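Right, one structure below, let's go through it.
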Amino acid sequence: MFEPNVTEFPAPESHVEFSYHSWDDPKLESTFRQLIDEHPFNRKIGILLPGLSESPKEIKKILVDDTDYYHISELPLSVFCTPVFLEAFLQSGKVYAISCDARLDLDNVAALTPDGWLILLLDKFSYQELQLDGKLSAHILRRPKERYVVKVNLKENFIPGKPYYKKVVRALSYVQLKFNFWISWVPNDAEVCPSSIAKYFDDEGYHVAVRRTSLSSSIILNAYVPVIEKETSDMDLYKAEDILEYIGCSSLGIKLTEEGTSVCDVLNPKPNRIMKSICTVRSVGFFIPSQSRELIQQIRSVLEETDEEVLPWAAVTVYGHIDSVVTWNLMENSYSVNGDNFYTILITRNQVWCYKVSGPRKPCRFFAKCNKRI
Amino acid sequence: MKELECRNWYMRVVMEYDQKILPCSMTASLVKFFMKSAITTLFGEISSAFPLDILKFDEESKEVIIRVPKDNYAKVRAALTLCSATMLEGAIIPIIYTVEQASSCLISLDGPQKQLA
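Just so you know, the sequences run in chain order Z and U. For the first sequence, our numbering assigns the number 107 to the initial residue and increments by one for each residue that follows. For the second sequence, our numbering assigns the number 24 to the initial residue and increments by one for each residue that follows.
This is the structure we're talking about:
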């Protein structure tokens, strides 16, 4: 027997990735696509504006206008497979739907991605009852010990009347899997109203409620703000980490000192200068990637209109839903100590710094189990 | 994208104590002392000698945000979870810590929070 390691207790695996680009860098578009467009379910947006005492109206407008989403209670999954829904909503637009009021690490959860993937994470009993093919989940840390991921593509080869369609519909109608959903729909045709999806579900007899995006802001007075200079290709990554820590401190209302105290050795990143105020705007809702893109463009134009002495830079953090079953590019999310899946984008007049924070990628199973047939 | 090495872990901890039993009002230094002694009790002096920074202490809500080195995170969390009381000037002071959020990124603590049922 090997000697057990009883002195070292490593921290859970977590990943912070970083890249920086100038605004005219051709790679910026692909980074944005990977970072923003492939992250469908966003719950919260935090914006840090050093130097301002109030957030500009244009930014508030983007966060509040046309960001309503719908809460649908007790929606059975078979509704997503009806020919009317497939044709009217899935084929003619992008549907963003995610189960809310369900905990990723304990309950059954579901999501419908804009690419048409219906993804379910189920316990063993529901999975066996469902009789659809699935894989053992990569992250099982607590009870239930066995959980399975089932993926069904509702956009490709999913034609009403065909055998596969019949099989899926039969399975989803037989097992009454019901979830509360947050739902948002972006039609391909700009003349169609996005609220049609709410009307459809209301007419079908489900309880639909409109949820509005909430907005709050806070301010720190007389604080140090680091000066972000244009970086060359050999940038010190420790600096990037310090700036991320600084953004976190300011968002949480922590004022850092220059010398450190007996209780806290966290210092302001250097070089820095003192500014009258730092404004933080927080918005909770259900945001889709195009809204994040629009927000970033708007902040960039605000930066260009404002003097550098007034607003040196801005940072946007977009938090994914912590109980979301998938994160970037349909990768499985896990909730062990946290359900971290978010990105921070720091915007200056000539540069963009992108941070991507995600949870463990290696399968972490508390109970060893192979992916065998049952 | 390049991988950043996270050197620290951050925790949002809520403390439960009775102010009347304490000889003085709770301050950030006292919180640090209590946490360090909780770590000493469970893991000994070496583990408690690692840095522990109190980033924020709110006396009203009894909420603390702390920063610990990555290698010491598991020990600190275990020590805080198991701690039920601390000795101060010969008296036993009951203190309970609840870790509400923990992350390798400080900004994550400002994000959406899971409701403890």
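A virtual CB, placed ideally from N, CA and C, is assigned to each residue, including glycine. Source: prediction; values computed, not measured.
Count the C-beta pairs between the region 146-158 of chain Z and the region 389-397 of chain Z that are closer than 8 Å, then say yes if the count reaches three, no if not. yes
Kindly say whether Ile151 (chain Z), judged by its beta-carbon, lies nearer than 7 Å to any beta-carbon of chain U. If you number the first sequence from 1, residue 151 (chain Z) lands on position 45. Not one beta carbon of chain U lies nearer than 7 Å to the beta carbon of Ile151 (chain Z).
Is the CB of Ala125 (chain U) under 7 Å away from at least one CB in chain Z? Start at 1 with the first residue of the second sequence, and residue 125 (chain U) comes out as number 102. Among the CB atoms of chain Z, one or more fall inside 7 Å of the CB of Ala125 (chain U).
Opposing strand residues paired with Pro156 (chain Z) [DSSP bridges]: Locating residue 156 (chain Z) in the first sequence gives position 50, where the first residue counts as 1. Pro156 (chain Z) pairs with Z:Ile384.
Does Cys476 (chain Z) come out as helix, strand or coil in the three-state DSSP assignment? Residue mapping note: residue 476 (chain Z) aligns to position 370 of the first sequence, counting from 1. Confidence is the limiting factor: at Cys476 (chain Z) the pLDDT is only 49, short of 50, which leaves the residue's position unreliable, though a coordinate-based value still follows. Cys476 (chain Z) falls in the coil class under three-state DSSP.
Measure the CB-CB distance between Ile153 (chain Z) and Val422 (chain Z) and report whether it falls below 7 Å. Here the question's residue 153 (chain Z) lines up with position 47 in the first sequence. Here the question's residue 422 (chain Z) lines up with position 316 in the first sequence. It is a contact, given that the beta carbons lie within the stated cut-off.
Would you mind working out which of Z:Ile225, Z:Asn259, Z:Val431, Z:Asp130 sits nearest Asp211 (chain Z), comparing C-alpha positions? By one-based count along the first sequence, residue 211 (chain Z) stands at place 105. Nearest of Z:Ile225, Z:Asn259, Z:Val431, Z:Asp130 to Asp211 (chain Z), Cα basis: Z:Val431.
CB-CB under 8 Å to Ser323 (chain Z), same chain, minus the five flanking residues each way: which ones, in chain order? Taking the first residue of the first sequence as 1, we reach residue 323 (chain Z) at position 217. Excluding sequence neighbours, Ser323 (chain Z) sits near Glu160, Ser161, Cys385, Thr386, Val387, Arg388.
Would Leu103 (chain U) count as contacting chain Z if we go by Cβ distances under 7 Å? As a working mapping, residue 103 (chain U) is identified with position 80 in the second sequence. No, no contact with chain Z.
In whole angstroms, what is the alpha-carbon distance linking Ile88 (chain U) and Tyr96 (chain U)? Residue numbering aside, residue 88 (chain U) sits at position 65 when the second sequence is read from its first letter. Residue numbering aside, residue 96 (chain U) sits at position 73 when the second sequence is read from its first letter. Each residue's alpha carbon lies about 13 Å from the other.
Taking 7 Å as the CB-CB cut-off, is Val122 (chain Z) touching chain U? Against the first sequence, residue 122 (chain Z) aligns to sequence position 16. Closer than 7 Å to some Cβ of chain U, the Cβ of Val122 (chain Z) qualifies, so yes.
Whose CA, out of U:Lys98, U:Cys106, U:Ala125, lies closest to the CA of Pro116 (chain Z)? Working through the first sequence from its first residue, we reach residue 116 (chain Z) at position 10. Selected option, being the one with the closest Cα: U:Lys98.
Own chain partners of Gln197 (chain Z) with C-beta closer than 8 Å, once the 5 adjacent residues on each side are dropped: Looking up residue 197 (chain Z) in the first sequence gives position 91. So the qualifying residues of the chain are Lys261.
Could you give the distance in angstroms between the alpha-carbon of Lys478 (chain Z) and the alpha-carbon of Asn214 (chain Z)? Your numbering for residue 478 (chain Z) matches position 372 in the first sequence. Your numbering for residue 214 (chain Z) matches position 108 in the first sequence. Unreliable placement is indicated for Lys478 (chain Z), whose pLDDT of 46 sits below 50; the coordinate value is still reported in the next sentence. Lys478 (chain Z) and Asn214 (chain Z): Cα-Cα distance of roughly 21 Å.
Along chain Z, which residues have their Cβ under 9 Å away from the Cβ of Glu83 (chain U)? The count along the second sequence starts at 1 and reaches residue 83 (chain U) at position 60. Neighbours of Glu83 (chain U) on chain Z: none; closest Cβ ~14 Å, over 9 Å.
Could you check the C-alpha separation between Ile69 (chain U) and Gly426 (chain Z) for me, to the nearest Å? The residue you call residue 69 (chain U) lines up with position 46 of the second sequence. The residue you call residue 426 (chain Z) lines up with position 320 of the first sequence. Those two C-alpha atoms are separated by around 38 Å.
Considering only the alpha carbon of each residue, which of U:Lys93, U:Ser126, U:Met38, U:Gln136 lies closest to Thr109 (chain U)? The residue given as residue 109 (chain U) occupies position 86 in the second sequence. Nearest option by C-alpha distance: U:Met38.
Closer than 7 Å to chain U by CB, Phe195 (chain Z): For the purposes of this step, residue 195 (chain Z) is taken as residue 89 along the first sequence, with counting starting at 1. Closer than 7 Å: no.
List the endpoints of the continuous alpha helix (DSSP H) containing Asp81 (chain U). One-based indexing of the second sequence puts residue 81 (chain U) at position 58. Going by DSSP, Asp81 (chain U) is part of no alpha helix (DSSP H) but of the beta strand (DSSP E) stretching over 76-81.
Can you list, in chain order, the residues of its chain with a C-beta nearer than 6 Å to that of Leu236 (chain Z)? Leave out the 5 residues immediately preceding and following it. The residue you call residue 236 (chain Z) lines up with position 130 of the first sequence. Within the same chain, Leu236 (chain Z) has close Cβ partners Ala277, Val281.
Under 8 Å between beta-carbons, which chain U residues line up against Pro332 (chain Z)? List them in chain order, please. The sequence position of residue 332 (chain Z) within the first sequence is 226, counting from 1. Simply none; closest approach about 15 Å.
Cβ closer than 7 Å: which chain Z residues qualify as neighbours of Tyr96 (chain U)? As a working note, residue 96 (chain U) is residue 73 in the second sequence. Per Cβ cutoff of 7 Å: Ala117.
Could you work out which residues of chain Z lie near Ala61 (chain U), taking near to mean beta carbons separated by less than 8 Å? For this step, residue 61 (chain U) is matched to residue 38 along the second sequence. Near Ala61 (chain U) there are no residues of chain Z at all, since even the closest Cβ is about 16 Å away, more than 8 Å.
Alpha carbon to alpha carbon, what distance is there between Ala315 (chain Z) and Ile289 (chain Z)? Within the first sequence, the letter at position 183 stands for residue 289 (chain Z). Within the first sequence, the letter at position 209 stands for residue 315 (chain Z). Ile289 (chain Z) and Ala315 (chain Z): Cα-Cα distance of roughly 10 Å.
Interface partners of Ile88 (chain U) on chain Z, CB under 8 Å: The residue labelled residue 88 (chain U) in the question sits at position 65 within the second sequence. Leu358, Ile360, listed in chain order.
Contact the region 449-457 of chain Z vs the region 171-181 of chain Z: 3+ CB pairs below 8 Å: no
Verify whether the separation of the beta carbon atoms of Val369 (chain Z) and Ile77 (chain U) is less than 7 Å. Along the first sequence, one-based indexing puts residue 369 (chain Z) at 263. Along the second sequence, one-based indexing puts residue 77 (chain U) at 54. A contact, by the Cβ cut-off of 7 Å.
N-terminal and C-terminal residue of the beta strand (DSSP E) that Cys206 (chain Z) is part of: Start at 1 with the first residue of the first sequence, and residue 206 (chain Z) comes out as number 100. Taken as a continuous stretch (DSSP letters only), the beta strand (DSSP E) holding Cys206 (chain Z) covers 199-206.
Beta carbon proximity, Arg479 (chain Z) to chain U, threshold 7 Å: Residue numbering aside, residue 479 (chain Z) sits at position 373 when the first sequence is read from its first letter. Only weak support exists for where Arg479 (chain Z) lies, its pLDDT of 43 falling under 50; the value from the coordinates is given anyway. No, Arg479 (chain Z) lies away from the interface with chain U (no Cβ there is under 7 Å from its Cβ).
With C-beta atoms as the reference, is Trp223 (chain Z) less than 7 Å away from Lys257 (chain Z)? Here residue 223 (chain Z) refers to the residue found at position 117 of the first sequence. Here residue 257 (chain Z) refers to the residue found at position 151 of the first sequence. Contact flag set, yes.
Residues of the region 196-227 of chain Z with a CB closer than 7 Å to any CB of chain U: list them in chain order, please. none
In its own chain, which residues sit with a C-beta less than 7 Å from the C-beta of Thr359 (chain Z), not counting the 5 before and 5 after it? Indexing the first sequence from 1 puts residue 359 (chain Z) at position 253. It is worth fixing the name first, because residue 359 (chain Z) is Gly in this sequence and not Thr. Correct list, in chain order: Ser324, Ile326.
If you measure from the beta carbon of Ile453 (chain Z) to each beta carbon in chain U, is any gap under 7 Å? For the purposes of this step, residue 453 (chain Z) is taken as the residue at position 347 of the first sequence. Put simply, the CB of Ile453 (chain Z) is far from chain U, with every gap to its CB atoms at 7 Å or more.
Outcome for Ser52 (chain U) when other beta-carbon atoms lying within 10 angstroms are tallied against a minimum of 16: Within the second sequence, residue 52 (chain U) is the residue found at index 29, counting from 1. Exposed is the call here.
For the pair the region 116-129 of chain U and the region 339-358 of chain Z, tell me if three or more CB-CB distances fall below 8 Å. yes
Answer with yes or no whether the minimum CB distance from Glu68 (chain U) to chain Z is below 7 Å. By 1-based counting over the second sequence, the position of residue 68 (chain U) is 45. No, no contact with chain Z.
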